[in-house]
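Novice:
Number of protein chains: 2
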Amino acid sequence: MTEKLSDATRGPLLDPLFQTGWTLMEGRDAITKTYKFSSFVDAFGWMTRAAIWAEKWDHHPEWSNVYNKVTVVLTTHDVGGVSTQDAKLARKLDSLV
Amino acid sequence: MTEKLSDATRGPLLDPLFQTGWTLMEGRDAITKTYKFSSFVDAFGWMTRAAIWAEKWDHHPEWSNVYNKVTVVLTTHDVGGVSTQDAKLARKLDSLV
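Residue numbers (the working numbering), protein chains in the order written: chain A, 159 to 255; chain B, 159 to 255.
Listed below in structure tokens is the structure:
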């Protein structure tokens, strides 16, 4: 079952993501990152791969795209904050670039 | 060449879009619409079809997706406002639903 990250698990799971450009959002227990690609085709191609993993894992990002940039916000509505599912999806999104 | 809509062309081009749920944004010469689908797969499937047309026409939306909802903003940066290209893409996006 998905649970909100505890104080003990936040560091080990989130610190590696902060190293790759993820940050905590202000005023909201969510993590965010903006990916920049060389073109719209590259950006949307990455979104398509990400979308398939999101659906496979039944855990979907909030995301926006403007030409070659994609901004992603991850949080788990069911638990009201960042969960292990978000950390797992964040790692996958990084790996798909 | 793409031009910003003139006073004479705005009505004929935008009024039909306002009938389908497009609205003018506040404080910005852009049109926006939120599409709601039955699932993430339906939402992203529509985005994929839209992305191919956007690239084909070299005119890209600003858009965001949260699960089954997609919010689209159309404007033409080169002309600083809504152009015939935006109206054309808006009609296409409606037709792809």
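Even glycine gets a Cβ: it sits at the ideal position worked out from N, Cα and C. Only a predicted model underlies this, so the values are computations on that prediction, with no experimental measurement involved.
Tell me the DSSP secondary structure of E213 (chain A) in three-state form.
Specialist: Here E213 (chain A) sits in helix by DSSP.
Novice: Between which two residues does the beta strand (DSSP E) carrying S253 (chain A) extend?
Specialist: It is not in any beta strand (DSSP E) - S253 (chain A) instead sits in the alpha helix (DSSP H) that spans 242-254.
Novice: In the DSSP assignment, find the beta strand (DSSP E) that holds L163 (chain A) and state where it starts and stops.
Specialist: L163 (chain A) -> no beta strand (DSSP E), and no H or E assigned at all.
Novice: What residue range does the beta strand (DSSP E) around V237 (chain B) cover?
Specialist: That residue, V237 (chain B), is in no beta strand (DSSP E); it is neither H nor E in DSSP.
Novice: Determine, using beta carbons only, whether L171 (chain A) and A208 (chain A) come nearer to each other than 7 Å.
Specialist: Taking 7 Å as the Cβ cut-off, L171 (chain A) and A208 (chain A) do not qualify as a contacting pair.
Novice: Could you check if T160 (chain A) is buried or exposed, using at least 16 other CB atoms within 10 Å of its CB as the buried criterion?
Specialist: Result: exposed.
Novice: Name the one or two DSSP bridge partners that Y193 (chain B) has.
Specialist: B:V228, per the DSSP bridge assignment.
Novice: Please report the Cβ distance between K162 (chain B) and V237 (chain B), rounded to the nearest whole angstrom; I am assuming they are in contact, meaning their Cβ atoms lie under 8 Å.
Specialist: The pair is a contact, with the Cβ atoms about 4 Å apart (cut-off 8 Å).
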